[in-house]
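Protein chains: 6
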Amino acid sequence: MRLPHVTDLAGVDAAAVGVPFDTATSFRSGARFGPEAIRSASVLLRPYHPALAIDVLDALSVIDYGDLPVAPGDTEATYRRMEAGLTPLVDAGVFPLVLGGDHSITLAELRALARRHGPLALVHLDSHTDTWDEYFDQRYFHGTTFRRAAEEGLLDPQASVQAGIRGSLFSGSDLDDARALGFEVIPSEELRALGPAEYARKVRARVGDRPVFFSFDIDFLDPAFAPGTGTPEIAGFSTAEAVALLRALRGIRLVGADVVEVSPPYDGPGQPTATAAANVALELLALRAVSE
Amino acid sequence: MRLPHVTDLAGVDAAAVGVPFDTATSFRSGARFGPEAIRSASVLLRPYHPALAIDVLDALSVIDYGDLPVAPGDTEATYRRMEAGLTPLVDAGVFPLVLGGDHSITLAELRALARRHGPLALVHLDSHTDTWDEYFDQRYFHGTTFRRAAEEGLLDPQASVQAGIRGSLFSGSDLDDARALGFEVIPSEELRALGPAEYARKVRARVGDRPVFFSFDIDFLDPAFAPGTGTPEIAGFSTAEAVALLRALRGIRLVGADVVEVSPPYDGPGQPTATAAANVALELLALRAVSE
Amino acid sequence: MRLPHVTDLAGVDAAAVGVPFDTATSFRSGARFGPEAIRSASVLLRPYHPALAIDVLDALSVIDYGDLPVAPGDTEATYRRMEAGLTPLVDAGVFPLVLGGDHSITLAELRALARRHGPLALVHLDSHTDTWDEYFDQRYFHGTTFRRAAEEGLLDPQASVQAGIRGSLFSGSDLDDARALGFEVIPSEELRALGPAEYARKVRARVGDRPVFFSFDIDFLDPAFAPGTGTPEIAGFSTAEAVALLRALRGIRLVGADVVEVSPPYDGPGQPTATAAANVALELLALRAVSE
Amino acid sequence: MRLPHVTDLAGVDAAAVGVPFDTATSFRSGARFGPEAIRSASVLLRPYHPALAIDVLDALSVIDYGDLPVAPGDTEATYRRMEAGLTPLVDAGVFPLVLGGDHSITLAELRALARRHGPLALVHLDSHTDTWDEYFDQRYFHGTTFRRAAEEGLLDPQASVQAGIRGSLFSGSDLDDARALGFEVIPSEELRALGPAEYARKVRARVGDRPVFFSFDIDFLDPAFAPGTGTPEIAGFSTAEAVALLRALRGIRLVGADVVEVSPPYDGPGQPTATAAANVALELLALRAVSE
Amino acid sequence: MRLPHVTDLAGVDAAAVGVPFDTATSFRSGARFGPEAIRSASVLLRPYHPALAIDVLDALSVIDYGDLPVAPGDTEATYRRMEAGLTPLVDAGVFPLVLGGDHSITLAELRALARRHGPLALVHLDSHTDTWDEYFDQRYFHGTTFRRAAEEGLLDPQASVQAGIRGSLFSGSDLDDARALGFEVIPSEELRALGPAEYARKVRARVGDRPVFFSFDIDFLDPAFAPGTGTPEIAGFSTAEAVALLRALRGIRLVGADVVEVSPPYDGPGQPTATAAANVALELLALRAVSE
Amino acid sequence: MRLPHVTDLAGVDAAAVGVPFDTATSFRSGARFGPEAIRSASVLLRPYHPALAIDVLDALSVIDYGDLPVAPGDTEATYRRMEAGLTPLVDAGVFPLVLGGDHSITLAELRALARRHGPLALVHLDSHTDTWDEYFDQRYFHGTTFRRAAEEGLLDPQASVQAGIRGSLFSGSDLDDARALGFEVIPSEELRALGPAEYARKVRARVGDRPVFFSFDIDFLDPAFAPGTGTPEIAGFSTAEAVALLRALRGIRLVGADVVEVSPPYDGPGQPTATAAANVALELLALRAVSE
């Protein structure tokens, strides 16, 4: 969106922040170039959001905060750098809109935000629950993020909703495990049957007026709409469906958000995945703007 | 469709005409190669249209008239050349099916057709209204076409319908401006809610038995279905939806049509955008054939 | 799915078998690399199928039988080699799940299976009926397979359903011809209107408890979901729709299946077509598993 | 080159002829789209050849004769159709410049030409000698062409030179076999050491004033310069080297030529292989023009 | 190179400046995205240049000045905006390194520079002389730049060298015309025969101690090395050859330079053309640094 | 090469071993898919090597040992798994030909080999010396491998040659540092000037009859020949040059080798990088075979 690249936070309401990191990816890497691609695609965005009838850049002072420092090859060191990088934003009351990067990075975002807000309600659109315990012996990985977050008390699973889940699993207990942690898990067919309004009603019932973190994994979308991602699952959602779901959430109290798992080397020639991610980012800013 | 390349117009009912021009493009250029790609993709088309139960090439004598002369780098000179090139077709009563090229070219088509038919009714599927006044100080651009056409009296906005409009805007007044010109503007969510039958009812109510120009901007389709275009907007329509909308219009009095904004360098490996455009062109020929 | 590559059939329930052959393709070749691409994409699959609540690899002993010998450039010689290659599987009662390859190969599969099971019921999802008589003077081609199979008595057309058919035709008689052979033909718009449950009801009514061969031509899917195929037809089905249709068939008595016409050189960067095919293959294995 | 598409041969000196055929391909198919891609790339060509100081289209009346009829899936039927298609050209004394298609098609060209000219001298740039006896039990294949041609007496191997040969072989006897047939075989390293002038001297010494057929397999070029081909071999030639070799042959008596094995689905985004092939075709026309 | 994006010119020695413009392109558009792609590729560059033994960023204070304003669709308006945009740089004595954009933009650069330095010596590596008089009736086009520059007195053709010229021409007079304007024209084969040292000697003899403008059209490189360009010509130069030629010029008095005609939509997956352009830009900065 | 996939090492001379790992990559990830791509490309290889006049598979019993276990996201854990995986091969006297994977993996190979052979002589073709001390604070990274190997005594730098080095550097001391460790460093221009024979003479003088480890980083090749790699450097070597250099080394005593940094998501449509890597692997096997 040709946002000003600024690091002075005075008077700033929201900041786009890149995290060029993909070390914690199980299948296709490349998400480290997600922030660059989303920014490039965002030049097509314009500030007025007709469906929510709001000029996002009028309503919010938004900056591009650049990329956070990371440590390619070392997930835990990256967490430390990310937390240090995000803390000034959080302390200044700036809404961080993080552009990933693989889904492991959400843990560091939650650590930074929970220090200020306490346990957050999670609203999560994804094809995976990311609640495994370990993967290749590693505890910090893009498939373990929300288990770790629950264990660390950064999230309140009872106030959280994971939706869009689909795809074959290692075992039938995978979804049970997420539910045992307290998350509400809505599989994709159920979400499609619910529709936006009913989904939003469910979410509002769970999150209430708690501070909400929204995590949008681009593989929530079908590979036809978002081919450039690390672990694609077929039978997913269209961008029209996604946008309708997001807009239905108007009124939740967003305090942080991210759009993750955009992997440009697997994107199509016109970069449809990055374009979708940039639009989702704008929807999240608009959601924040109308919840002010 | 392996149509004969002919320039003798005797006995001809309809002609496919290419306009390899993309000078008036704001974002991604490349539409100058649209006509070549659409022709290449059209070899998969066959003449019988099962849904409308008509053999298009039996019903109409169709030729490939080749490409019109253009002036790359100079939009107004291109308009002059296009009008001169289209006039023999229009004078001979041949239905021109123009393959673009960027959307600026429609203005020259309308000039050529309006000289014979008077102000036309516009049926327009697109994600943008293309009714800006200027862009980068230029009055003739792919985003200003329908304002210019209204100003020049080539269209009757009161008899016209623009549908599928979506995406972020420069300001909330963008859609109001199109409506102030007289156009009926149906945003994408509203179009999806209407469905084909109700959409067709609305169109017929507006256009009546006026001569109709149909303009199909390929970015009406979602980028998943038509990635190869200059200004993609997510949350668009599938080809199945588009085809259903087109078929519902059976009976309108088509006198001209175009399919524009196919940009092959951004298309996927199997050229899905050009394939979609070739099929849309066949649908438009079939619509013409059944309205004879 | 990282299945063991085994050629000893003792104790084996089902086998994935590749047929790297595309000589009988009318438009875009490349399906000879389909088996390699589907296997590559299948590493993302996991054994538990949540919608059918079954662990496929627990329920069935599944192997990768490798590729059958073919004769590139000679369709009939390929048929002989394929039949010879499949016979040990069929004799051992192993469920063959063939990964194509163009659609001509299904004839050899049916020959091998019909020797054991007699005429099979065909359940066929495709955008084409593949019931032409000849093409370029050739009787064995990817568009003539099911006419040949009916003529050879390998199928019982009265027990068979072809669905998803769409696209322009050479003449209005194309669909009539398939119906004259006895097949039930459900065009795409009709299938979409029926929905999964009604479709399944129709299929069950036709096939009863006969042994069923399931043939999934990847061009049943829309090119947005499966761009990598030889003769794409727009206005097709999403993977979500396809998966719902397949799951609704729970209970039919599958004795053989294939997934054909995956052409990797036309696939997108993230290989969405091969990913879709691998998932369809898993659905077919799951259908087989629950019908045991 | 935007040549006129003409089928009337009066006054014509040379004709570009497409053969969209790839049935006889051992590895990557796709060469059936070679003619379309080469024509598309040829629009960048201009008629004056500065190195040979000749305006090719002034010197020769050149037409585009379109594509010959083929039989996809049947090599021998294709040969019959090709010969029938080429005979009017050969009878009219028109120089045929064939755009392939896979290398099997050269046999039909030689059959048509040898009927008029008797056994031809072959000048052949390729990474393979294409002198196998059989492949997958097939005698007519893209790797057996020149053995068949020698056996049928269409070529005089003693007057022929195959150069650029490289890559791993099935056995050490592969090159010996070609030499035993009488061909002079120049491996790639030897060709590079010879340089254009010495190569041309060798060729002239072999061919003398016999009628020459020139066959250019695009895989003579390195995959960096021609990635879009069926059986790429590394350590090949640059286009600069190829052009220098061709120009050095000035004066040989060309009566026919082809450029084969261009496989567009494997070409890069800017279609470098087709561009190289179009330029080689122009060099061959220029060679013909200066030998008049 | 992650240069600071700065618009304050105090203490600045050199500035990278983008010109996202491709309206004046005859064949493949897309160069408007050249600056973005070159910047993206430049993150792999490091400051120390081992061959010239200089740390470029130690020797020069270099900034990224961002993109100049342009008017897509209007070449002459773009020239006016570019000149206005460049003048502060030229006035401040900052060395402008312009990243194109199509080759038409060089005229505006020369206008801005010649106002300060008088007629410049041109050192030009390209496959075309760009000295046509008109193209499609247009005087300002990417193929007319250096004729216009000579006519406007911005260049001293007698002090200028154009090298690398190749490819088919509209007529034999094309090169004569450039020479008649006074340019020394070195065709590609001659340049290859000269080698770097002799080429540099020729250049130095022409340019003497005059202020030099260096224009590098990326199509000087062979399409194997730079596929992403608008009018590729085969038989070009490798990057190793290009780099050697550039380094041999050590000591010429550079006052301005550009790298043009990078068209990212036609580039390969790893963006080799943009990578080559970024490296050429670094070589030009290094040449400037050692000539201080 | 369709090698048998075997894990029983009795009677085996050499084994291809994949290491699908790219965690230690600084720029473009994706090398984890290198082994799959190289194997896929190797089906075009045939066993007879004409230049060395040896049938590699006659001379050596070669197997495909599959992939070693790795720990994506954790370089040091990967080293431990790799060493454990390689030890049975090394103990059995099997020549390991490792297919990477990023260049960090060479350290684990050297650890496994040095335990048997003592400090090895390194023959290294690459554009980088990979002798940094740290990168992003990490000691085990693809740019630090050979410093670590020297420090651990796995290599004898005095017996080692690194050649092909090029590209911009962080500082002028980068090459000095490698030399200070004892390595002979031959920059690319110097290597090109030396030519194969002289290069081989230098290598033989350094390595004598010591056991040699050969490491081939695919970015030794120019991006035109090997675009699919993580940190491309222009002005590199052609495959023809590379092959000539390798063949000149006939007679060195190879005990281990790898081909690394093949990143398929950045490769071109015909997978030229993987094809080059497969051929280099065959050259290395042939070198081993003739040194027996």
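Chains as they are written, first to last, in our numbering: chain A, -9 to 282; chain B, -9 to 282; chain C, -9 to 282; chain D, -9 to 282; chain E, -9 to 282; chain F, -9 to 282.
Using N, Cα and C, we set each Cβ at its ideal position, and we do this for glycine too.
Is it the case that the Cβ atoms of residue i and residue j are separated by a distance below 8 Å?
{"i": "G258 (chain C)", "j": "P259 (chain B)", "result": "yes"}
{"i": "D54 (chain B)", "j": "S161 (chain C)", "result": "no"}
{"i": "I208 (chain E)", "j": "E251 (chain E)", "result": "yes"}
{"i": "S158 (chain E)", "j": "P37 (chain D)", "result": "yes"}
{"i": "V52 (chain F)", "j": "A0 (chain F)", "result": "no"}
{"i": "T221 (chain F)", "j": "L272 (chain E)", "result": "no"}
{"i": "F206 (chain C)", "j": "D248 (chain C)", "result": "yes"}
{"i": "I28 (chain E)", "j": "L103 (chain E)", "result": "no"}
{"i": "G24 (chain E)", "j": "G91 (chain E)", "result": "yes"}
{"i": "L274 (chain E)", "j": "F203 (chain E)", "result": "no"}
In whole angstroms, give me the CA-to-CA distance for residue i and residue j.
{"i": "T77 (chain C)", "j": "T96 (chain C)", "result": "14 Å"}
{"i": "D167 (chain C)", "j": "T121 (chain C)", "result": "7 Å"}
{"i": "G226 (chain B)", "j": "A31 (chain A)", "result": "17 Å"}
{"i": "P262 (chain A)", "j": "Y130 (chain A)", "result": "29 Å"}
{"i": "A67 (chain D)", "j": "A61 (chain D)", "result": "6 Å"}
{"i": "S19 (chain E)", "j": "E26 (chain D)", "result": "21 Å"}
{"i": "A279 (chain F)", "j": "H39 (chain F)", "result": "11 Å"}
{"i": "G75 (chain A)", "j": "G198 (chain A)", "result": "29 Å"}
{"i": "F17 (chain E)", "j": "T13 (chain B)", "result": "12 Å"}
{"i": "A140 (chain A)", "j": "L236 (chain B)", "result": "51 Å"}
{"i": "V245 (chain B)", "j": "M(-9) (chain A)", "result": "40 Å"}
{"i": "A41 (chain C)", "j": "V175 (chain A)", "result": "14 Å"}
{"i": "E73 (chain A)", "j": "R182 (chain A)", "result": "36 Å"}
Give the C-beta separation of residue i and residue j to the nearest angstrom, bearing in mind that I take them to be a contact with Cβ-Cβ under 8 Å.
{"i": "S117 (chain B)", "j": "F210 (chain B)", "result": "6 Å"}
{"i": "A21 (chain B)", "j": "S253 (chain B)", "result": "5 Å"}
{"i": "V84 (chain C)", "j": "V2 (chain C)", "result": "5 Å"}
{"i": "P177 (chain B)", "j": "A234 (chain B)", "result": "The pair is not a contact, with the Cβ atoms about 18 Å apart (cut-off 8 Å)."}
{"i": "P86 (chain B)", "j": "V7 (chain B)", "result": "6 Å"}
Any 3 or more C-beta pairs closer than 8 Å across the stretch 110 to 119 of chain E and the stretch 144 to 155 of chain E: yes
Would the stretch 262 to 282 of chain D and the stretch 227 to 236 of chain E be scored as touching if the rule is three or more Cβ pairs under 8 Å? no
Residues in the stretch 176 to 192 of chain D having any Cβ partner in chain E nearer than 9 Å: none
Taking a cut of 8 Å between CB atoms, which residues from the stretch 244 to 275 of chain B lie near chain E? P255, Y256
Output needed in chain order: residues of the stretch 212 to 224 of chain A with a Cβ under 8 Å from some Cβ in chain B. D212, A214, F215
Please name the residues in the stretch 42 to 54 of chain C whose beta-carbon is closer than 9 Å to at least one beta-carbon of chain A, in chain order. For the stretch 42 to 54 of chain C, the set of positions with a beta-carbon nearer than 9 Å to some beta-carbon of chain A reads A43, I44, D45, V46 in chain order.
Contact residues within the stretch 150 to 164 of chain E, judged by C-beta distance below 9 Å to chain D: Only those residues of the stretch 150 to 164 of chain E whose C-beta falls short of 9 Å from the nearest C-beta of chain D are listed: I155, R156, G157, S158, L159, F160, S161, G162, S163, D164.
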